[in-house]
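This report refers to the structure that appears directly beneath it.
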Amino acid sequence: MKIGLSCNAFRYGGGLERYAIDLARGLADVGFRPAVFARSFDPSVPEYGRVEPHRINVSFLPGKCRDAWFSWRLRVARRASPVDVLIGCNRVDSSEIAICGGTHLGFLDALGRTPTFFDRRQIALERRQYERARFVVAHSVLMRDELRRFYGLGDDKIRVLFPPVDAARFAPVGAARRAELRRRFGFADDEIVLLFPSSSHERKGLPLIEAVLRDGGPPVVVAVAGRPPERTSQRLRYVGYVKDIEDGYRAADFTILASKYEPFGLVGIESVMCGTPVILSSNIGCCDAIAPSAKLVFTPGDAAGLRATLGDAVQRARAGAAHVESSAAAHAAIRYDSSVARHVEQLLDLAAETGGRGRDEPR
């Protein structure tokens, strides 16, 4: 069976870009050399040498026209470089297995936005993607519900598979190493630090967090990693773009997201696997995948609820009941097998159901 992957960029990025890299590595580990169709490739990543790259150029087009062009050119590219099963990690209408890590209709609904002309084009492409796919893999229960509600998909087509995490990379460290990391990021020993990893601050809830900090609130420091915030203070600090984000998780006492829309929120799983519990609004997809011992949850958009939750977090941190150093304890707080190998195995089972020749015949 020849497996293909489509993605926007084959590189160490975030979200579905990183997911596609993980899939490529997992497929290569079990004997496949997947064909990867992408707008761009980073030849420096180790996984590049384990795939068959096919670049589809979109750089000459305005940004809002690129998805539709890529989807059309992918159909042409598949005729020149055939694959038995294509796993679509971006908006394409020719994949046998469509990966749903977010829906455009769900995003607009959560933000209360009216669709524009270009939104309607994206929605139409998504509809074709889901209608034509044999299976749609929802990365959370939230995504399953959106696929049912907004796109009319039946349960015979939807499969809920939470995304994988690299357990070798995301794991706790000992007290001495953690103290070293806290010094590196400038965190004082007596500070209770909440890591806020984000490149989309409005959507991920920074204004709500800032409002609670301005009103006094519990004695916490919020450390923003990623895109710089518009303003900083003694309690809202910018720690830069953290390439080794696992070290940011390890140094913090909690990781926080207050998102308006978060289809899964892989940072929640990554943080817990590093031994750092999470503070999440209840609409975030990964809430279902984290045990109560490793999360504090509040109602979306509720400043009073967030303030009370931060108070609970302070009590847990002061009692020494927040961060854990045991890998076994950290991984036990994740309610699914988050290994790349297991996720790839499940996708290959779906690929075989689409009419592929089975998992034992890689190409």
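Counting from 1370, one number per residue, gives the positions in the sequence shown under our numbering. Quick reminder that beta carbons are idealized off the backbone N, C-alpha and C, glycines included.
Looking only at Gln1715, Pro1587, Gly1654, the smallest Cα-Cα distance to Gly1674 is reached by Pro1587. DSSP places Gly1680 in the uninterrupted alpha helix (DSSP H) bounded by 1672-1687.
When the alpha-carbon of Cys1376 is set against those of Arg1424, Arg1419, Asp1671, the nearest one is in Arg1424. Residue pairing by DSSP puts Gly1457 in a beta bridge opposite Ser1375, Ala1467. The bridge partners DSSP lists for Val1590 are Val1562.
Taking all protein chains in view, the Cβ of Gln1498 is crowded by 16 or more other Cβ atoms within 10 Å, so the residue is classified as buried.
Burial check for Gln1603: the Cβ neighbour count within 10 Å stays below 16, so the residue is exposed. Following the DSSP letters along the chain, one finds Pro1422 inside the beta strand (DSSP E) bounded by residues 1421-1424. Per DSSP, the continuous beta strand (DSSP E) segment holding Lys1664 begins and ends at 1664-1667. If you ignore the 5 residues before and after Arg1596, its C-beta comes within less than 7 Å of the C-beta of Ser1567, Ser1568, His1570, all in its own chain and listed in chain order. Judged by pairs of C-beta atoms under 8 Å, the region 1406-1424 does not touch the region 1485-1505, as fewer than three such pairs exist. The alpha-carbon separation between Asp1681 and Leu1575 amounts to approximately 19 Å. Boundaries of the alpha helix (DSSP H) harbouring Ile1492: 1486-1501, taken from the DSSP string. DSSP links Gly1595 through a beta bridge to Ser1567.
In this structure, Val1506 lies away from Leu1474, with their beta-carbon atoms at least 8 Å apart. Here Glu1421 is near Ala1404, since their CB atoms are less than 8 Å apart.
Under the 10 Å beta carbon count, Leu1522 is surrounded by 16 or more other beta carbons and is classified as buried. Under the DSSP definition of a beta bridge, Leu1516 lacks any partner. Counting along the chain, Arg1444 sits inside the alpha helix (DSSP H) bounded by residues 1435-1449. Checking the DSSP bridge columns, you'll see Ile1659 partnered with Ile1703.
Contact annotation, His1508 with Gly1382: C-beta distance approximately 16 Å; criterion of less than 8 Å not satisfied.
Beyond the five residues adjoining it in sequence on each side, Arg1676 comes within less than 8 Å, by CB distance, of Val1581, Asp1584, Gly1586, Pro1587 in the same chain, given in chain order.
By the C-beta density criterion, Pro1431 is exposed, having fewer than 16 other C-beta atoms within 10 angstroms. Look at Phe1476 here: in three-state DSSP terms it is helix. Under the DSSP assignment, Tyr1607 falls in the beta strand (DSSP E) whose first and last residues are 1605-1607.
Counting other Cβ atoms within 10 Å of its Cβ, Gly1724 stays below 16 and is therefore classed as exposed.
In the structure shown, the three-state DSSP call for Leu1511 is helix.
With 16 or more other Cβ atoms inside 10 Å of its own Cβ, Glu1386 counts as buried. Spanning the alpha carbons of Ser1651 and Phe1667 requires a straight line of approximately 6 Å. The three-state reading of DSSP puts Arg1619 in helix, counting H, G and I together.
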